[in-house]
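**Student:**
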Amino acid sequence: MSSTSASAAPTARAAGRVAAPTRREQILKEAARLFAERGFHGVGVDEIGAAVGISGPGLYRHFAGKDAMLAELLVGISERLLAGGQERVAAAPGDPAALLAALIDGHIDFALDDRPLITLHDRELDRLRDADRHRVRQLQRQYVELWVTAVRDLHPATPESEARAAVHAVFGLLNSTPHLGSGLPGRGATEALLRRLAHGAFGALGPDAK
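The numbering of the sequence shown is numbering that gives the first Met the number 0, which starts it at 0 and goes up by one.
What follows is the structure, given as C-alpha cells:
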C-alpha cells in the first residue's frame, strides 16, 4: 500500500462512521421518551436533565423550556419526514412503483424507530403554540401529497379522494406501532409484516382488486 493510500484509509473509515448525537439530540430523545411514557405535564425539567446527566437548570442552555422541546420534537419530525419523502421522489423519477415502495420503507423506519414521537403527536399536538401547530399541519399536508401523487401515478384510475383516504389509512396502520406494546416480533419480521400490509392496502386500489 502506498503512503497516499495508507493516509487516506483512516479518513474514509471516519467518513463512514455515524456521528455521535449532540447534547441537544440526547436531550430531545430523552424528553420524547419521558413525555410519551408519562405525559407532558408528568415530567419535570430535572428528570429530563438527569436522564442525560446534566442538571435541570443546565437544560436552559439548550432550550427555553419544555414547551420549546415539544415544539422542536413535533416540528422537527414533520420536517424530516417531508425531506425524506422529497429525497425519495427525486431518486425515483418516472417509477411510481419504486417510489411508493421507498415511501413505505421510509415511513416504516419512522414508525419503528420514533414510536415516542407518534405518541407525542397524538397526545400533545394541541399544546403547541398556534404557529408551531400550523407549521406541523402544513408539513404533514405536503408529506401526504407526495404519497397521493405516487399512488395516483401508480393507479391512474383511482379518484384523488380515494387515493388520499388510502394514504391516511396506511398511515394509521403504520403509526399503530406504539399501541402494539410487547406484541411486536423482531425488527426484521415487523418490517416485513408492515410492508406486506401497506402494499396490500394500496394494491386494493388496482384494477384487478376485488
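All C-beta atoms in this analysis are idealised placements derived from N, C-alpha and C, irrespective of residue type, glycine included. Note that the structure is predicted; figures quoted are calculated from it, not measured.
1) Mind pulling the alpha helix (DSSP H) runs of 4 or more residues that sit fully within the region 87-122?
2) Hey, Leu111 and Leu73: beta-carbon distance below 9 Å or not?
3) Taking Ala82 as the reference, which of Tyr142, Thr21, Ile47 has the closest Cα?
4) Ser54 by DSSP, collapsed to three states: which one?
5) Hey, Gly43 and Gly55: beta-carbon distance below 9 Å or not?
6) Is Leu127 helix, strand or coil by DSSP?
7) Using three-state DSSP, classify Phe170 as helix, strand or coil.
8) Can you say whether Glu36 is buried or exposed, counting buried as having 16 or more other CB atoms within 10 angstroms of its CB?
9) Taking its Cβ as the centre, do 16 or more other Cβ atoms sit within 10 Å of Arg186, making it buried, or is it exposed?
10) If we ignore side chains and look at the alpha-carbon of each, how far apart do Ala11 and Thr21 end up?
11) Could you say which of Ala188, Val150, Pro115 lies nearest to Leu102 if we only look at CA atoms?
12) So is Arg114 buried or exposed if we call it buried at 16+ other beta carbons inside 10 Å?
13) Using CA atoms only, rank isn't needed, just tell me which of Arg128, Arg140, Glu161 is closest to Asp66.
14) So does the region 76-91 actually touch the region 130-141, counting three or more Cβ pairs closer than 8 Å?
15) Between the beta-carbon of Phe39 and the beta-carbon of Arg132, is there less than 9 Å?
16) Quick check: what's the CA-CA separation for Ile107 versus His61?
17) Is the separation between the beta-carbon of Leu193 and that of Leu173 shorter than 9 Å?
18) Looking at the structure shown, is Gly199 part of a helix, part of a strand, or coil, going by DSSP?
19) Find the nearest neighbour of Phe201 within the set Arg79, Ser175, Ala89, Val169, judged by alpha-carbon distance.
20) If you reduce the DSSP assignment to three classes, tell me which class Leu27 lands in.
**Tutor:** With the given structure in hand:
1) 95-112
2) no
3) Tyr142
4) coil
5) yes
6) coil
7) helix
8) exposed
9) exposed
10) Caution is warranted here: a pLDDT of 35 is assigned to Ala11, below 50, making its placement in the model unreliable, and no coordinate value can be reported.
11) Val150
12) buried
13) Arg128
14) yes
15) no
16) 30 Å
17) yes
18) helix
19) Val169
20) helix
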